[in-house]
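In the numbering used here, the protein residues as written are -17 to 113.
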Amino acid sequence: MKLYKPQVQIVRRTNIGAPNEYFLHAVTFCDKSNYRAAGFELDTALVEEGLLTVGLKIFQDVSIPEFNYLTPVVHTIELGPLAFPDDDGIITAEAILSAGTRNLNAAAETDDKNTSTVSSTEADEAGRPIP
-17 MKLYKPQVQI
-7 VRRTNIGAPN
3 EYFLHAVTFC
13 DKSNYRAAGF
23 ELDTALVEEG
33 LLTVGLKIFQ
43 DVSIPEFNYL
53 TPVVHTIELG
63 PLAFPDDDGI
73 ITAEAILSAG
83 TRNLNAAAET
93 DDKNTSTVSS
103 TEADEAGRPI
113 P
């Protein structure tokens, strides 16, 4: 397990006669007790080419006591139907850390240390297909 690197899972809900819907579940472990999920950003510019980028916003909240404890920050995101070619695409999740408007540490910089990828073909099925 690496700090600030999202552990991601993707879930597919099959819709008969309609595009499949996708959900992203991400857990990012942080080294302080006052980190919390603060939303997300979707970059859908390359979906038609098979790539979706999700920015997982993580905020260090000064109103929460800060202890040096391993803390999971959870994001569950409804991605909706994705127009991946042949229903095969790559989803990249990147942890974006902040305290106000400044980065917290080197792990917050954009690099592969705080990024994970998952393929839509690896998606777990969410129950039975929806007619």
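C-beta atoms are modelled at their ideal positions from N, C-alpha and C, and glycine is treated no differently.
{"Item": "With 16 other Cβ atoms within 10 Å as the buried cut-off, status of Val100", "Value": "buried"}
{"Item": "Secondary structure of Ser180, DSSP reduced to three states", "Value": "Since the first residue of the chain shown is -17 and the last is 113, residue 180 is not available in this structure."}
{"Item": "C-beta atoms of Ala77 and Ile46 nearer than 7 angstroms", "Value": "no"}
{"Item": "Beta bridge counterpart(s) of Glu60 as assigned by DSSP", "Value": "Phe5"}
{"Item": "Leu6 versus Ala20: straight-line alpha-carbon distance, rounded", "Value": "15 angstroms"}
{"Item": "When Ala75, Ala105, Glu107, Glu104 are compared against Thr97, the one with the closest alpha-carbon", "Value": "Ala75"}
{"Item": "Where Val44 sits in the DSSP three-state scheme", "Value": "coil"}
{"Item": "Simplified DSSP assignment, three categories, for Asp25", "Value": "strand"}
{"Item": "Residue range of the unbroken beta strand (DSSP E) whose run includes Ser80", "Value": "72 to 80"}
{"Item": "Under 7 angstroms between C-beta atoms of Ser102 and Gly62", "Value": "no"}
{"Item": "Alpha-carbon to alpha-carbon, Leu28 and Thr10", "Value": "24 angstroms"}
{"Item": "Pair within 7 angstroms by beta-carbon distance, Thr58 and Cys12", "Value": "no"}
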